[in-house]
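**Q** Sending over a structure as structure tokens; questions will come in a sec.
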Amino acid sequence: MNEDLGTVKIYRYNPAVDVEPRFDVFEDVPYVGRTVMDVLRDLYERRDTSLAFRCSCRAGLCTACRMRINGRAAMACMRLAERDMVIEPPSTGAIIKDLMTTLSGSSTDEGTA
Amino acid sequence: MYAYTRNAPRAMLALESYGAKFNKTEDGTFEQVLMPGHTYPRAIHYHFRTGSQFKKGLTAEVGRRPNITVKEDFFVVDVFVDGGKVAGALALDICSGKFVVVDSSAVVFATGGAMELFHPHCDASNDLTGDGHAAALRAGAELADVEFMQFFPTGMVWPPALNGVIWIGELRYHCGGWLYNKYGERFMAKYDPARMELSTRDMTSRAIVTEILEGRGSPHGGVWLSVTHLGRNQIQAFIDETFPNFSFRGYNLLEAGVDVREDAIEIAPVSHFYMGGVRCDADCATAVRGLYVAGEVTAGVNGANRIEGNALSETQVQGTIAGGRAARYAAGAGTAKVDEAQARREVGTYSAMIERTEGPNQLALRTEAQDIMWRHVGVVRNGEGLEKAVARLASLRGQAEGICVRCKVAQANRELVEAIETRNLLVMAESMAKAALAREETRGSHYRRDCANEDDPRWLVNSIVTLADSEIALRHEPVDFCYLSPEGAETPPADAREAL
Numbered sequence: 001m002n003e004d005l006g007t008v009k010i011y012r013y014n015p016a017v018d019v020e021p022r023f024d025v026f027e028d029v030p031y032v033g034r035t036v037m038d039v040l041r042d043l044y045e046r047r048d049t050s051l052a053f054r055c056s057c058r059a060g061l062c063t064a065c066r067m068r069i070n071g072r073a074a075m076a077c078m079r080l081a082e083r084d085m086v087i088e089p090p091s092t093g094a095i096i097k098d099l100m101t102t103l104s105g106s107s108t109d110e111g112t113a
Numbered sequence: 114m115y116a117y118t119r120n121a122p123r124a125m126l127a128l129e130s131y132g133a134k135f136n137k138t139e140d141g142t143f144e145q146v147l148m149p150g151h152t153y154p155r156a157i158h159y160h161f162r163t164g165s166q167f168k169k170g171l172t173a174e175v176g177r178r179p180n181i182t183v184k185e186d187f188f189v190v191d192v193f194v195d196g197g198k199v200a201g202a203l204a205l206d207i208c209s210g211k212f213v214v215v216d217s218s219a220v221v222f223a224t225g226g227a228m229e230l231f232h233p234h235c236d237a238s239n240d241l242t243g244d245g246h247a248a249a250l251r252a253g254a255e256l257a258d259v260e261f262m263q264f265f266p267t268g269m270v271w272p273p274a275l276n277g278v279i280w281i282g283e284l285r286y287h288c289g290g291w292l293y294n295k296y297g298e299r300f301m302a303k304y305d306p307a308r309m310e311l312s313t314r315d316m317t318s319r320a321i322v323t324e325i326l327e328g329r330g331s332p333h334g335g336v337w338l339s340v341t342h343l344g345r346n347q348i349q350a351f352i353d354e355t356f357p358n359f360s361f362r363g364y365n366l367l368e369a370g371v372d373v374r375e376d377a378i379e380i381a382p383v384s385h386f387y388m389g390g391v392r393c394d395a396d397c398a399t400a401v402r403g404l405y406v407a408g409e410v411t412a413g414v415n416g417a418n419r420i421e422g423n424a425l426s427e428t429q430v431q432g433t434i435a436g437g438r439a440a441r442y443a444a445g446a447g448t449a450k451v452d453e454a455q456a457r458r459e460v461g462t463y464s465a466m467i468e469r470t471e472g473p474n475q476l477a478l479r480t481e482a483q484d485i486m487w488r489h490v491g492v493v494r495n496g497e498g499l500e501k502a503v504a505r506l507a508s509l510r511g512q513a514e515g516i517c518v519r520c521k522v523a524q525a526n527r528e529l530v531e532a533i534e535t536r537n538l539l540v541m542a543e544s545m546a547k548a549a550l551a552r553e554e555t556r557g558s559h560y561r562r563d564c565a566n567e568d569d570p571r572w573l574v575n576s577i578v579t580l581a582d583s584e585i586a587l588r589h590e591p592v593d594f595c596y597l598s599p600e601g602a603e604t605p606p607a608d609a610r611e612a613l
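Protein chains in written order, with this note's numbering: chain A, 1 to 113; chain B, 114 to 613.
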């Protein structure tokens with residue numbers, strides 16, 4: 001087994017479409033010297049562009065990328081990736097899709113074109 | 114600039130009343146510090162992490178005002194204009210994937226800069242893709258001075274976990290770090306032999322990028338910064354004082370695999386602040402009636418280069434002015450209504466990205482543009498490279514009109530959001546490259562290797578960008594020195610107003 005590749009299990013759920021949540025498993029994921037956000041972006045770019053997650057300042061300031069990583073709350077942009085990871089949405093807020101939950105003040109009640 | 118300097122102190126007092134904290138002296142006045150480029154200690158701060166206090170104060174104040182509705186995940190993509198006046202805005206409700214039309218006679222953009230043009234050589238938020246700039250341009254507003262992007266010389270390029278971290282530059286400036294190219298040469302000797310690594314930010318950035326672009330960089334596209342010529346205990350003492358436990362702002366160097374006591378690190382300049390932007394007057398009004406702008410999306414206040422401390426206060430002064438003026442204008446303008454056919458056409462432009470079954474991938478277009486920007490439109494520019502860049506970027510901008518988003522899921526479609534951003538980013542990329550090619554001189558952050566001197570007789574002008582029939586047009590206008598001339602003679606404006 002290659003020392004530099006890990007396995008990532010990611011919570012997937014689109015309440016508008018899916019009956020229930022599931023976990024997708026991604027194998028052979030580069031993780032050394034990367035943050036959890038680097039890993040998520042890499043998976044989004046190379047493997048599955050439907051993966052939903054929040055990412056903004058990339059410097060631990062905006063807290064948009066809060067999620068649970070191996071059971072612990074953390075900001076994905078600041079947390080170093082590990083060989084085996086389970087990534088879940090934060091425990092606060094309603095699930096919008098996958099790792100993305102509602103922020104306070106959010107609403108979706110406008111008319112549409 | 115006059116409105117900014119005149120109103121900044123009051124804007125800061127307002128912010129303090131919202132709950133933002135600032136360092137105070139024993140007698141209760143603001144602690145004022147001298148920052149690089151200042152002639153007088155005028156910067157106020159909160160433990161040099163002032164931005165977080167702005168966020169805290171403003172968030173609290175917004176919460177106290179029930180008449181403010183905050184819409185998160187609501188991406189305003191275009192402004193509707195009818196008869197030269199704003200009629201509303203088009204937004205993507207990211208969560209549902211639906212496009213939403215908002216009727217409004219006034220719109221304020223506070224959408225920030227466009228630093229992503231240079232990703233991964235960038236230390237800013239990843240959504241700063243020039244969306245407000247491009248939308249304003251499409252609505253009929255003008256952009257000004259788009260060639261001026263400020264770079265910070267020392268952003269880490271490796272490992273990825275530390276990409277863009279700029280405070281490591283302390284090792285260069287305050288610890289006496291040395292810069293090496295891949296041959297182990299202290300290359301600053303070629304660029305600034307007297308000051309070497311203690312040269313200015315601009316000169317250091319130019320030297321580093323010249324080494325990288327000429328093939329003498331480190332493995333991951335930077336140059337080496339090292340303090341290992343110092344004693345290990347000497348380095349440790351600096352670390353203990355500056356980054357206790359090798360940590361700073363939540364980053365830990367040792368955990369990320371970097372031991373500066375033994376290793377050199379790879380660094381390169383990163384885009385940090387955008388001086389160019391939407392052209393506006395002292396009321397923050399643009400060429401489109403009802404469209405206002407505030408903060409980094411504007412052009413003007415910071416000229417061709419920004420000095421430290423001005424970015425945050427600019428947001429507060431202009432935000433207050435733009436908001437006030439927009440509200441007053443809206444009250445007088447009456448009810449606006451977006452034309453339905455126009456709305457359908459605009460929505461069609463964006464929904465076509467998802468409906469298409471084939472077409473360019475947004476990420477491929479974006480990545481190629483960013484690479485061109487870094488190589489030819491970045492810290493070091495020359496006419497030949499810029500000409501190539503303009504041609505290729507124009508082609509990429511054309512291709513972006515046919516982008517196909519592979520992900521067809523409506524809800525929280527990141528690929529669609531990024532596709533819209535990429536289309537905007539390409540407008541800004543071509544605009545910047547064109548303006549940089551035209552300006553055959555060196556001024557502020559704009560460095561032309563083939564025209565290395567400042568040329569006032571010819572180039573004391575603003576670059577103005579407009580969009581007509583999908584063509585990016587560039588013209589120049591003399592700088593209007595209405596208040597302060599380059600010779601230093603100040604003429605207080607006849608109509609000097611207290612804006613706040």
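Backbone N, C-alpha and C define an ideal beta-carbon position, used for all residues, glycine too.
Using the C-alpha atoms, what's the distance from T242(B) back to N537(B)?
**A** Cα-Cα distance, rounded: 7 Å.
**Q** Let's see if you can read the secondary structure: which residues bound the beta strand (DSSP E) around R58(A)?
**A** Careful: R58(A) lies outside any beta strand (DSSP E) and carries neither H nor E.
**Q** Check V518(B) in the structure and name its three-state DSSP category.
**A** Of the three classes helix, strand and coil, the one that applies to V518(B) here is coil, per DSSP.
**Q** On the premise that P90(A) lies in contact with A73(A), defined as a C-beta separation below 8 Å, what is that separation, rounded to the nearest angstrom?
**A** Sure, about 6 Å apart at Cβ, within 8 Å.
**Q** Look at the alpha carbon of D109(A) and the alpha carbon of H246(B), and state the distance between them as a whole number of angstroms.
**A** Low confidence applies here, because D109(A) scores a pLDDT of 35, under 50, leaving its location unreliable; read the following figure in that light. Distance between the alpha carbons of D109(A) and H246(B) is about 27 Å.
**Q** Against chain B, does L5(A) count as a neighbour if the rule is that its beta carbon must be under 7 Å from one of theirs?
**A** Chain B, which has no Cβ nearer than 7 Å to the Cβ of L5(A), makes this no.
**Q** Exposed or buried, which one is T323(B) when buried takes at least 16 other CB atoms within 10 Å?
**A** When all chains shown are included, T323(B) counts as buried.
**Q** Any idea what DSSP makes of P122(B), helix, strand or coil?
**A** In this structure, P122(B) counts as helix in the three-state DSSP scheme.
**Q** Can you pull the chain A residues whose beta carbon is under 9 Å from the beta carbon of A248(B), in chain order?
**A** Here the premise fails: no neighbours, minimum Cβ distance about 16 Å.
**Q** Taking Cβ-Cβ distances shorter than 7 Å, what residues in chain A pair up with N239(B)?
**A** Per Cβ cutoff of 7 Å: C55, S56, R58.
**Q** For S360(B), which residues does DSSP report across the bridge?
**A** Looking at the DSSP assignment, S360(B) forms a beta bridge with N365(B).
**Q** G33(A) versus chain B: which residues are under 7 Å apart at the beta carbon?
**A** Residues of chain B passing the Cβ test: P272, P273, A274, A369, G370.
**Q** In chain B, which residues lie with their C-beta within 7 Å of the C-beta of D38(A)?
**A** Residues of chain B passing the Cβ test: P273, A274.
**Q** N239(B) and C55(A): beta carbons closer than 7 Å?
**A** The answer is yes: Cβ separation under 7 Å.
**Q** With respect to the alpha helix (DSSP H) encompassing D38(A), which residues constitute its N-terminal and C-terminal limits?
**A** Segment 36–46, the alpha helix (DSSP H) holding D38(A).
**Q** Does G575(B) pass the burial test, meaning 16 or more other C-beta atoms within 10 Å, or should it be called exposed?
**A** For clarity, residue 575(B) is Asn in the given sequence; the question names Gly instead. Burial call: buried.
**Q** Could you spell out the range, first to last residue, of the beta strand (DSSP E) harbouring M371(B)?
**A** The sequence given here has Val at residue 371(B), not Met. Premise fails: V371(B) is in no beta strand (DSSP E) and is neither H nor E.
**Q** Quick one: measure Cβ to Cβ for S384(B) and F193(B), integer angstroms, because I've assumed they're closer than 8 Å.
**A** Their Cβ separation, rounded to whole angstroms, is 31 Å, which puts S384(B) and F193(B) out of contact at 8 Å.
**Q** Could you give the distance in angstroms between the alpha-carbon of A444(B) and the alpha-carbon of A252(B)?
**A** Those two C-alpha atoms are separated by around 21 Å.
**Q** On the DSSP bridge assignment, give the partners of P30(A) in chain order.
**A** L5(A).
**Q** To which residues of the same chain is Q166(B) closer than 6 Å at the C-beta, ignoring the five residues directly before and after it?
**A** Same-chain partners within the cutoff: A133, K134, Y159.
**Q** Which residues bound the beta strand (DSSP E) around K168(B)?
**A** Here K168(B) belongs to no beta strand (DSSP E); instead the alpha helix (DSSP H) covers 163–177.
**Q** Using a Cβ-Cβ distance cut-off of 7 Å, determine whether M85(A) contacts chain B.
**A** So, not an interface residue.
**Q** Comparing the C-beta of N70(A) with each C-beta of chain B, is any distance below 7 Å?
**A** No, N70(A) does not count as interfacial toward chain B.
**Q** Please say whether C77(A) and T35(A) have beta carbons closer to each other than 7 Å?
**A** In contact: T35(A) and C77(A) (Cβ atoms closer than 7 Å).
**Q** Comparing alpha-carbon positions, which option in A504(B), V199(B), A412(B) lies nearest A578(B)?
**A** One point to set straight first is that residue 578(B) is Val, not Ala, in the sequence displayed. When each option's Cα is compared against that of V578(B), the closest is A412(B).
**Q** With H, G and I counted as helix, E and B as strand and the rest as coil, what does DSSP make of I485(B)?
**A** Three-state result, I485(B): helix.
**Q** Beta carbon of A202(B), beta carbon of V215(B): below 7 Å?
**A** Going by C-beta atoms, A202(B) is nearer than 7 Å to V215(B).
**Q** From E468(B) to N526(B), what does the alpha carbon distance come to, in whole angstroms?
**A** So the two alpha carbons sit approximately 13 Å from each other.
**Q** Is A257(B) near R457(B), with beta carbons less than 7 Å apart?
**A** No, Cβ-Cβ distance for A257(B) and R457(B) is not below 7 Å.
**Q** State yes or no: is the C-beta of E185(B) within less than 7 Å of the C-beta of L99(A)?
**A** No, Cβ-Cβ distance for E185(B) and L99(A) is not below 7 Å.
**Q** Measuring only the C-alpha atoms, how far is L275(B) from P233(B)?
**A** If you take the alpha carbons of L275(B) and P233(B), they lie about 11 Å apart.
**Q** Would you kindly report the start and end of the unbroken beta strand (DSSP E) that includes S50(A)?
**A** That residue, S50(A), is in no beta strand (DSSP E); it is neither H nor E in DSSP.
**Q** Cβ closer than 7 Å: which chain A residues qualify as neighbours of S165(B)?
**A** Near S165(B) (Cβ distances below 7 Å), the residues of chain A are L61.
**Q** Is the segment 535–550 of chain B in contact with the segment 481–490 of chain B, if contact means three or more CB pairs nearer than 8 Å?
**A** Short answer: they touch.
**Q** Quick check on the DSSP output: the beta strand (DSSP E) that includes D244(B) runs from which residue to which?
**A** No beta strand (DSSP E) holds D244(B); the alpha helix (DSSP H) holding it covers 244–252.
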